[in-house]
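Residue numbers (the working numbering): 1354 to 1690.
Quick look at the structure:
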């Protein structure tokens, strides 16, 4: 089996560290791993399987000789180094939002539009985490009848804001429990402990946050449905890990809850957890550190005869980011099918 030289841009962040872990767990055929970060981290070592690799400073010459680069850095870093990655002949699988809506960059969830990978011109974009958690179940239903409208409310974990997110939640919670002064909010707009914050990203002129618009714009591109109607409210909740979404769908033709359950149970990457008689449904606590999307609470929408409602949970660091990127790389080296 051919082995590949793989770089990780942003290797010391939450998603970058998870990418390294997942590459090892999934036995990706690596001949050499090149973790990259800022000059401050260069020279430190990271374990990978039974080997150790040294972090190098991210700069253009670091990409020479690489086959694949997994991006786990912010937009400005991705934009800065994308030309050098392409010039080096590597394929850049990028988790930032920098290239997601570019016409010549495929935006991919492998279970949904994996064939789009092979249209790449050097860059493949990884979708937003909430988009992935939402669309996995939606695609299963759309295979029965096209989706016309999608209304989503998200309940997003603090680790979606990076390593500092859970640390802020835990520090504030500890202070409250010990009746001590509560540390000021730095990561989030307001105190996150014992609170929910209906803002993720900045607001646009239409009143929607950048996170909310991602679901509409990315969903249309991934599903190949440019006219798909989407409205979304994204909320940060005091949870450590795993995002949840409440989804209301209107389909072109009526889809029964039973049909939806059967489709979701059979869809790759989805797990049906839906037995309200036993209070069985997905929860962040039980879906963290998993590579699957868990779906439940599937029922008729009482406001529309062609409507369905469902609840979905998934680990936003794994399937919502790192695992999806590694799956793209796996499909890329496996070739078109």
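Here a beta-carbon is modelled for each residue, glycine too, at the ideal position from N, C-alpha and C.
Practice problem: Could you tell me whether the stretch 1458–1468 touches the stretch 1485–1492, using the rule of 3 or more Cβ pairs below 8 Å? | Solution: yes
Exercise. Please work out which residues of its chain come closer than 7 Å, Cβ to Cβ, to residue 1401, disregarding the five sequence neighbours upstream and downstream, and give them in chain order.
Key: 1373, 1377 and 1386
Practice problem: Can you tell me which of the three DSSP states residue 1609 falls into? | Solution: coil
Quiz item: If you draw a straight line from the alpha carbon of residue 1419 to that of residue 1356, how long is it in whole angstroms?
Solution: 11 Å
Practice problem: Closer than 7 Å by C-beta to residue 1675: which residues in its own chain qualify, once you throw out the five before and the five after it? Chain order, please. | Solution: 1368, 1371, 1372 and 1375
Exercise. In the DSSP assignment, find the unbroken beta strand (DSSP E) run with residue 1407 in it and report its ends.
Key: 1404–1407
Self-check item: Of the listed residues 1483, 1381 and 1540, nearest to residue 1450 (C-alpha basis)
Solution: 1483
Quiz prompt | Under 7 Å between C-beta atoms of residue 1358 and residue 1384 | solution = yes
Practice problem: Please confirm whether residue 1445 and residue 1478 have their CB atoms less than 7 Å apart. | Solution: no
Quiz item: With DSSP run on the structure shown, which of helix, strand or coil describes residue 1359?
Solution: strand
Quiz item: At what residues does the beta strand (DSSP E) containing residue 1662 begin and finish?
Solution: 1660–1667
Exercise. Could you check if residue 1690 is buried or exposed, using at least 16 other CB atoms within 10 Å of its CB as the buried criterion?
Key: Confidence in residue 1690 is poor, its pLDDT being 49 and thus under 50, which makes the residue's placement unreliable; the coordinate value appears in the next sentence. Label assigned to residue 1690: exposed.
Quiz item: Below 8 Å, can you find three or more Cβ-Cβ pairs linking the stretch 1608–1626 to the stretch 1500–1514?
Solution: no
Practice problem: Take residue 1683 and list the residues in its own chain whose beta-carbon comes closer than 6 Å to its own, dropping the five residues that flank it on each side. | Solution: none
Practice problem: Give the DSSP bridge partners of residue 1472, in chain order. | Solution: Per DSSP, none; premise fails for residue 1472.
Quiz item: Near residue 1565, which residues of its chain fall below 7 Å by C-beta distance, leaving aside the five closest residues on each side in sequence?
Solution: 1585, 1586 and 1587
Practice problem: Identify, in the order they occur along the chain, each residue of the same chain with its Cβ nearer than 7 Å to the Cβ of residue 1487, setting aside the five sequence neighbours on each side. | Solution: 1505, 1568, 1598, 1600 and 1665
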